[in-house]
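> Sharing a structure below in structure tokens format, with a few things to ask.
Number of protein chains: 4
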Amino acid sequence: MTRTVTAGTTDGGARPVPQRLLAAATRLFADQGYDRTSVQEIVEAAGVTKGALYHYFGSKDDLLHEVYGRVLRLQQERLDAFACADAPVERRLRDAAADVVVTTIENLDDTKIFFRSMHHLGPEKHKQVRAERRRYHERFRALVEEGQRVGVFSAATPADLVVDYHFGSVHHLANWYRPDGALTAAQVADHLADLLLRALRP
Amino acid sequence: MTRTVTAGTTDGGARPVPQRLLAAATRLFADQGYDRTSVQEIVEAAGVTKGALYHYFGSKDDLLHEVYGRVLRLQQERLDAFACADAPVERRLRDAAADVVVTTIENLDDTKIFFRSMHHLGPEKHKQVRAERRRYHERFRALVEEGQRVGVFSAATPADLVVDYHFGSVHHLANWYRPDGALTAAQVADHLADLLLRALRP
Amino acid sequence: MTRTVTAGTTDGGARPVPQRLLAAATRLFADQGYDRTSVQEIVEAAGVTKGALYHYFGSKDDLLHEVYGRVLRLQQERLDAFACADAPVERRLRDAAADVVVTTIENLDDTKIFFRSMHHLGPEKHKQVRAERRRYHERFRALVEEGQRVGVFSAATPADLVVDYHFGSVHHLANWYRPDGALTAAQVADHLADLLLRALRP
Amino acid sequence: MTRTVTAGTTDGGARPVPQRLLAAATRLFADQGYDRTSVQEIVEAAGVTKGALYHYFGSKDDLLHEVYGRVLRLQQERLDAFACADAPVERRLRDAAADVVVTTIENLDDTKIFFRSMHHLGPEKHKQVRAERRRYHERFRALVEEGQRVGVFSAATPADLVVDYHFGSVHHLANWYRPDGALTAAQVADHLADLLLRALRP
DNA sequence: GATGAATGAGCGTTCATTCAT
DNA sequence: CATGAATGAACGCTCATTCAT
Chain A
1 MTRTVTAGTT
11 DGGARPVPQR
21 LLAAATRLFA
31 DQGYDRTSVQ
41 EIVEAAGVTK
51 GALYHYFGSK
61 DDLLHEVYGR
71 VLRLQQERLD
81 AFACADAPVE
91 RRLRDAAADV
101 VVTTIENLDD
111 TKIFFRSMHH
121 LGPEKHKQVR
131 AERRRYHERF
141 RALVEEGQRV
151 GVFSAATPAD
161 LVVDYHFGSV
171 HHLANWYRPD
181 GALTAAQVAD
191 HLADLLLRAL
201 RP
Chain B
1 MTRTVTAGTT
11 DGGARPVPQR
21 LLAAATRLFA
31 DQGYDRTSVQ
41 EIVEAAGVTK
51 GALYHYFGSK
61 DDLLHEVYGR
71 VLRLQQERLD
81 AFACADAPVE
91 RRLRDAAADV
101 VVTTIENLDD
111 TKIFFRSMHH
121 LGPEKHKQVR
131 AERRRYHERF
141 RALVEEGQRV
151 GVFSAATPAD
161 LVVDYHFGSV
171 HHLANWYRPD
181 GALTAAQVAD
191 HLADLLLRAL
201 RP
Chain C
1 MTRTVTAGTT
11 DGGARPVPQR
21 LLAAATRLFA
31 DQGYDRTSVQ
41 EIVEAAGVTK
51 GALYHYFGSK
61 DDLLHEVYGR
71 VLRLQQERLD
81 AFACADAPVE
91 RRLRDAAADV
101 VVTTIENLDD
111 TKIFFRSMHH
121 LGPEKHKQVR
131 AERRRYHERF
141 RALVEEGQRV
151 GVFSAATPAD
161 LVVDYHFGSV
171 HHLANWYRPD
181 GALTAAQVAD
191 HLADLLLRAL
201 RP
Chain D
1 MTRTVTAGTT
11 DGGARPVPQR
21 LLAAATRLFA
31 DQGYDRTSVQ
41 EIVEAAGVTK
51 GALYHYFGSK
61 DDLLHEVYGR
71 VLRLQQERLD
81 AFACADAPVE
91 RRLRDAAADV
101 VVTTIENLDD
111 TKIFFRSMHH
121 LGPEKHKQVR
131 AERRRYHERF
141 RALVEEGQRV
151 GVFSAATPAD
161 LVVDYHFGSV
171 HHLANWYRPD
181 GALTAAQVAD
191 HLADLLLRAL
201 RP
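Quick look at the structure:
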């Protein structure tokens, strides 16, 4: 029951309330988990009251759903761009595989939320997110299958499993990657894409 | 599925109370998440009362900690066995990589809990689990490094990253693997170990 | 169902805003009760915004008070007309008793609100309504007493009690009368007036 | 989800907690209405905490349901006793009609709640209460019909309507009867039963 | 060893009302 | 005239934990 947001606040150039709420919720959900984050904490972090939150969002669950919508839209768009590029399939897969790593690292909070809190969505929203996730998976799988068909990738492993293998490592980034660590996002992306392509060598 | 009776069973033939509680908690935590599972649900599922739970466990948190202890112990033991085996390093790594997949699938509930509920542990228990997890990671990494040193594995990718790559896919199993799906645990393990080894080909 | 336009209608042909609000509130209060009806629901049903409601009415409470005012005025007027008619007292009482039944059934929503929501009015409005109600009661009682005095009605029962006996059954209509039931409003009115007159036979 | 209450408190001879809660709720519901009475008020009046209330009752709604259960049971039992008595039908109806007045006056709070708050029950409980109420109505109607059949009562009015006529006045008692008024409960009962019987004279 | 009544703090949510525009 | 964002207080309810028995 998300209400459409048309205008923002005017007080002193601050970001509009719904965006402030979404940002606060994203950070808190990622840090503490969905269940451990109270609505009170969110509104305090955003500097508004509960009433304001429920003016823009139908429920705490809705807030989570919005986060999912944002990250799903972003990733799908980027994947589409790479998959449709005019390049050999091994190049397109490599670029897509590396890009999802970079994008994930740049939005680590969203990713943490994505994989840890999916089951907190109500059944209907859960189903919707799973469907969008599925589309994403299949787009990626199509690339792998294309490469296997034309013979540049080994067909020893089912394409589905290959996709889950790679996404597993992407998902796992939220568990170990630290921005102040030894590797930049681009370096990690390069290595992980490399591992995928090497694993697919015929 | 162990049936070892260690402490005072009162109602002849049933498993002792602490084990019944642990089993009930494991299933419920995996199905609904730690926060969504009430102590009341656990004791009802185990067929005891709250008093009994608090007799054996100091807190709900303790219950979770016990689950972690069990799975960590199990995985460490198995890895140690494979790592110390008398075989070429590529064989030892392959066996270890495949075994963690099988073990994970056989204990999917524990794995779900492991990755989704770590942040529910209190700080000191959290630290303890992370330390044990680290030891496990390093044991595995040592195998990769050994292979790289002796030249049977490519050294293009840092060993740490290789380990996280593989464990990412293992962790991800809880998100997609279904016992009634197309592939058996052994087949999945074979494929994933294969992908790892192929990615490491010099 | 009046279509009298008293104040600034803006959107050609629709009833003015205050009347739309009052009608919406009446229906909702009767269906769900005063407390279960939110101001938001009322304004949505009336097709206006909250600001508009608070422009015309001081509070939600005010809305309820208006409903009371309308029904009280209507019933008092009708009773006065029957009581002052030029006819024998038994005829006048009978007609008045039957008319209040018909009027009540024709405005069942108002009646539901009347008896269920009186205690939701603020103290001074409550007192005011009770006073008007009292006047109505006394007007009716006067008819009974008149008949008792002239001997056409039995004086075995105090007139006050007779009035409450009849009004009890009128009040109760909202609990059981259904427009699609076996009896028309007129038939019910006839029967109830009959019972009253028969009970008063000397 | 009412839990069965097996034992009470031991501190100082006070009534057990569930009974204290029920008594407090009854009084408050009658005085202020169901919606206007907060759970907080109830527990404060009963001298316990919310947790205690929810230990014994599944919901606020449950509390209301218990009140209904008590009054329905009581009235049905009394009606049954009078209806089955060994006496002419006019005597049995008169006694039953008078008794329900006395019982109602003695439990005016319950009656207020009964007629004003029925629609606050959830659909399932509502249906159940309506069914029990229906049984009561039919038992009473059977008495009227019996009298009409044997000719001691006029058959001019449908028996159903006669019953609603009388119950209307009983229901209405909560709106006007005051214990410190001019009439005792027995006197009011006598008069109202009288009116009913006189209305039914052939 | 085990019970279950009771606590107390906190939860997500609702809502009549206000007020700058 | 009318809007709708925002408030602030209250709501019904949950739950891990304690403790007298």
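Chains as they are written, first to last, in the UniProt record's numbering: chain A, 1 to 202; chain B, 1 to 202; chain C, 1 to 202; chain D, 1 to 202.
Where a beta carbon is used, it is the ideal one built from N, C-alpha and C, also for glycine.
Would you identify the three-state DSSP class for residue 153 (chain B), choosing helix, strand or coil?
Residue 153 (chain B) falls in the coil class under three-state DSSP.
> Just to confirm, are residue 189 (chain A) and residue 101 (chain A) a CB contact at a threshold of 7 Å?
Going by C-beta atoms, residue 189 (chain A) is nearer than 7 Å to residue 101 (chain A).
> Could you give the first and the last residue of the continuous alpha helix (DSSP H) run that contains residue 85 (chain C)?
Premise fails: residue 85 (chain C) is in no alpha helix (DSSP H) and is neither H nor E.
> Can you find the residues in the same chain that come closer than 6 Å, C-beta to C-beta, to residue 140 (chain B), ignoring five residues on each side of it along the sequence?
Correct list, in chain order: 163.
> Within 10 Å of its beta-carbon, does residue 80 (chain D) have 16 or more other beta-carbons around it, so buried, or fewer, so exposed?
Exposed, because fewer than 16 other Cβ atoms sit within 10 Å of the Cβ of residue 80 (chain D).
> If I follow the unbroken alpha helix (DSSP H) through residue 103 (chain B), where does it start and stop?
Note, residue 103 (chain B): alpha helix (DSSP H), 89-106.
> Given a threshold of 16 other Cβ atoms within 10 Å of its Cβ, counted over all protein chains shown, does residue 200 (chain D) qualify as buried or as exposed?
Buried.
> Could you check the C-alpha separation between residue 22 (chain C) and residue 45 (chain B) for me, to the nearest Å?
Between residue 22 (chain C) and residue 45 (chain B), the C-alpha separation is close to 54 Å.
> What did DSSP end up calling residue 51 (chain B) once you bin it into helix, strand or coil?
Three-state result, residue 51 (chain B): helix.
> With C-beta atoms as the reference, is residue 144 (chain C) less than 7 Å away from residue 156 (chain C)?
Taking 7 Å as the Cβ cut-off, residue 144 (chain C) and residue 156 (chain C) do not qualify as a contacting pair.
> How is residue 6 (chain D) classed by DSSP in three states: helix, strand or coil?
Confidence is the limiting factor: at residue 6 (chain D) the pLDDT is only 41, short of 50, which leaves the residue's position unreliable, though a coordinate-based value still follows. In this structure, residue 6 (chain D) counts as coil in the three-state DSSP scheme.
> Compare the C-beta of residue 168 (chain C) against all C-beta atoms of chain D and say whether one is closer than 7 Å.
Yes, its Cβ sits closer than 7 Å to a Cβ of chain D.
> Residue 156 (chain C) touches chain D at which residues, Cβ-Cβ below 7 Å?
Ordered by position in chain D, the residues that pass the 7 Å Cβ test against residue 156 (chain C) are 194.
> In the region 121-168 of chain A, which residue ranges form an unbroken alpha helix (DSSP H) of at least 4 residues, counting only runs that do not cross its ends?
The region 121-168 of chain A contains these whole alpha helix (DSSP H) runs: 123-150.
> Is residue 36 (chain B) helix, strand or coil when you go by DSSP?
In the structure shown, residue 36 (chain B) sits in coil (DSSP, three-state: anything other than H, G, I, E or B).
> Against residue 198 (chain C), what residues of chain D qualify as contacts under a CB-to-CB distance less than 9 Å, listed in chain order?
Under the 9 Å cutoff, chain D gives 154, 156, 157, 198, 199, 200 and 201.
> Can you look up residue 18 (chain A) in the DSSP assignment and give me helix, strand or coil?
Reduced to three states, the DSSP call for residue 18 (chain A) is helix.
> Between residue 82 (chain A) and residue 172 (chain A), what straight-line distance do the alpha-carbon atoms span, to the nearest angstrom?
C-alpha separation (whole angstroms): 22 Å.
> Report the three-state DSSP secondary structure of residue 178 (chain C) (helix, strand or coil).
In the structure shown, residue 178 (chain C) sits in coil (DSSP, three-state: anything other than H, G, I, E or B).
> Count the other CB atoms within 10 Å of the CB of residue 18 (chain C); is the residue buried (16 or more) or exposed (fewer)?
When all chains shown are included, residue 18 (chain C) counts as buried.
> Does the beta carbon of residue 108 (chain B) come closer than 7 Å to any beta carbon on chain A?
No, its Cβ sits nowhere closer than 7 Å to a Cβ of chain A.
> Taking buried to mean at least 16 other C-beta atoms within 10 Å of its own C-beta, is residue 148 (chain A) buried or exposed?
Counting Cβ neighbours within 10 Å, residue 148 (chain A) comes out buried, since at least 16 surround it.
> Any idea if residue 7 (chain D) is buried or exposed, counting beta-carbon neighbours within 10 angstroms, 16 or more meaning buried?
Residue confidence is low: residue 7 (chain D) scores 42 on pLDDT, short of 50, so the model does not pin down where it sits. No coordinate-derived value is stated.
> Going by other Cβ atoms of all chains shown within 10 Å of its Cβ, with 16 needed for buried, is residue 127 (chain D) buried or exposed?
Residue 127 (chain D) should be labelled exposed.
> Using beta carbons (cut-off 7 Å, strictly below), is residue 65 (chain D) in contact with chain C?
Not an interface residue.
> Determine whether the Cβ of residue 126 (chain C) lies closer than 7 Å to any Cβ atom of chain D.
For residue 126 (chain C), the answer is no, since every Cβ of chain D falls outside 7 Å of its Cβ.
> For residue 72 (chain C), tell me which candidate among C:194, C:92 and C:115 has the shortest Cα-Cα distance.
Out of C:194, C:92 and C:115, C:115 has the C-alpha closest to the C-alpha of residue 72 (chain C).
> Quick check on DSSP: helix, strand or coil for residue 59 (chain D)?
Residue 59 (chain D) falls in the coil class under three-state DSSP.
> For residue 37 (chain C), count neighbouring Cβ atoms within 10 angstroms of its own Cβ and tell me buried if that reaches 16, exposed if not.
So residue 37 (chain C) counts as buried.
> Between the Cα of residue 41 (chain D) and those of D:66, D:25 and D:30, spot the shortest distance and give me the residue it belongs to.
When only C-alpha atoms are compared, the closest one is D:25.
> My assumption, with CB atoms under 8 Å, is that residue 63 (chain D) sits in contact with residue 120 (chain D). Please give the rounded CB distance.
That pair is no contact at about 11 Å.
> Check the Cβ-Cβ distances between residue 56 (chain A) and every residue of chain B, and say whether any is below 7 Å.
Cβ-Cβ to chain B under 7 Å: no for residue 56 (chain A).
> Measure from the C-beta of residue 74 (chain C) to each C-beta in chain D and report whether the shortest distance is under 7 Å.
Output row for residue 74 (chain C): interface = no.
> Check each residue of the region 110-122 of chain A: if its Cβ is closer than 8 Å to any Cβ of chain B, include it; give the result in chain order.
From the region 110-122 of chain A, only 115, 116, 119 and 120 have a Cβ closer than 8 Å to chain B.
> So, at 6 Å on beta carbons, what are the nonlocal neighbours of residue 196 (chain A) in its own chain, with the 5 sequence-adjacent residues on each side left out?
97 and 166, listed in sequence order.
> Which of the three DSSP states is assigned to residue 184 (chain C) in this structure?
In the structure shown, residue 184 (chain C) sits in coil (DSSP, three-state: anything other than H, G, I, E or B).
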